[in-house]
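K.L.:
Supplied in structure tokens, the structure appears directly below.
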Amino acid sequence: MSEIKHVFFDIGGVLGSNGWDHEQRNRAIKQFNLNAEDFEWRHKEVVAEWEEGRIKIDEYLDLAVFHKERAFSREEFISFMYSQSVPDPATIAIARQLSRNSGYSMMTLNNESEELNKYRIEKFGITEIFECFLSSCWLGVRKPIRRFYNRGLGIANAQPETSLFIDDRQQNLISASMLGINVIHFQSAAQLRSDLERFLHLEIPGA
59 MSEIKHVFFD IGGVLGSNGW DHEQRNRAIK QFNLNAEDFE WRHKEVVAEW EEGRIKIDEY
119 LDLAVFHKER AFSREEFISF MYSQSVPDPA TIAIARQLSR NSGYSMMTLN NESEELNKYR
179 IEKFGITEIF ECFLSSCWLG VRKPIRRFYN RGLGIANAQP ETSLFIDDRQ QNLISASMLG
239 INVIHFQSAA QLRSDLERFL HLEIPGA
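In this note's numbering, each residue carries its 1-based index in the sequence shown increased by 58.
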């Protein structure tokens with residue numbers, strides 16, 4: 059294996075909770091008494107456009123939630139959406155320790171809408187850890203499409219064989235590895251620390 063120069067982290071499912079995945083939407087269905095089948099159908103119709111930056115959150119909500127009069131406000135729903143984002147201190151501490159090693163360029167590779175992405179980057183306190191946030195809302199394409207990784211590598215000026223990508227979903231890792239990117243399947247903070255030390259041949263101190 060070539061010496062690693064770039065380390066890419068997923069955000070949702072690695073550095074913290076997912077932003078607006080099945081679990082978060084199911085909570086919204088219960089909280090706001092939504093028709094689950096109708097909401098999920100409408101969400102799936104427009105989520106790609108939202109996460110690839112072609113529409114904003116207001117248009118997403120117009121189409122997925124507020125296509126009819128509701129007993130709750132748009133502001134209440136957005137506040138609930140933001141409240142679902144919870145950082146993982148243990149994993150963030152590992153990323154922060156690794157960022158102190160000047161031998162690596164650290165960036166994120168994640169699928170997220172622009173509004174939730176900006177909120178989560180700030181909420182998780184990771185602006186000082188990563189040099190760049192390569193997110194679907196700004197790349198215009200989502201994982202696991204190969205074009206997503208090619209664009210990320212191009213912007214980072216990184217080579218696949220000297221890059222390491224961390225994600226919690228196997229389908230995202232398979233696409234990356236087919237391009238020659240080294241991958242780690244995230245399952246826990248302890249496992250991530252161990253795998254990083256093995257890949258990078260260094261010791262990562264605890265928080």
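Cβ atoms here follow ideal geometry from the backbone N, Cα and C, with glycine treated the same way. Please read these numbers as outputs of a predicted model, since none were measured by experiment.
Who are the near neighbours of D175 in its chain, counting only those whose CB is closer than 6 Å to its CB and skipping five residues on each side?
P.N.:
Per the sequence shown, the amino acid found at residue 175 is Asn instead of Asp. Around N175: S193 and C195.
K.L.:
Which residue spans inside the region 79 to 124 form an unbroken alpha helix (DSSP H) run of at least 4?
P.N.:
80 to 89, 94 to 109 and 115 to 122
K.L.:
Quick check: what's the CA-CA separation for L119 versus G70?
P.N.:
21 Å
K.L.:
Helix, strand or coil: which one does DSSP assign to I179?
P.N.:
helix
K.L.:
Using 10 angstroms around the beta-carbon of W108, count the other beta-carbons present and answer buried if the total reaches 16, otherwise exposed.
P.N.:
buried
K.L.:
Can you give me the C-alpha to C-alpha distance between Q155 and L254, rounded to a whole angstrom?
P.N.:
The straight-line gap from Cα to Cα measures roughly 11 Å.
K.L.:
Take S171 and list the residues in its own chain whose beta-carbon comes closer than 6 Å to its own, dropping the five residues that flank it on each side.
P.N.:
W108, E109 and C195
K.L.:
Is it buried or exposed, I213, if we count other Cβ atoms within 10 angstroms and call 16 or more buried?
P.N.:
exposed
K.L.:
Classify N168 as helix, strand or coil using the three-state DSSP reduction.
P.N.:
strand
K.L.:
Would F66 and L73 qualify as a contact pair, given that the criterion is a beta-carbon distance under 8 Å?
P.N.:
no
K.L.:
From H80 to A106, what distance separates their C-alpha atoms?
P.N.:
Between the alpha carbons of H80 and A106 lies a distance of about 15 Å.
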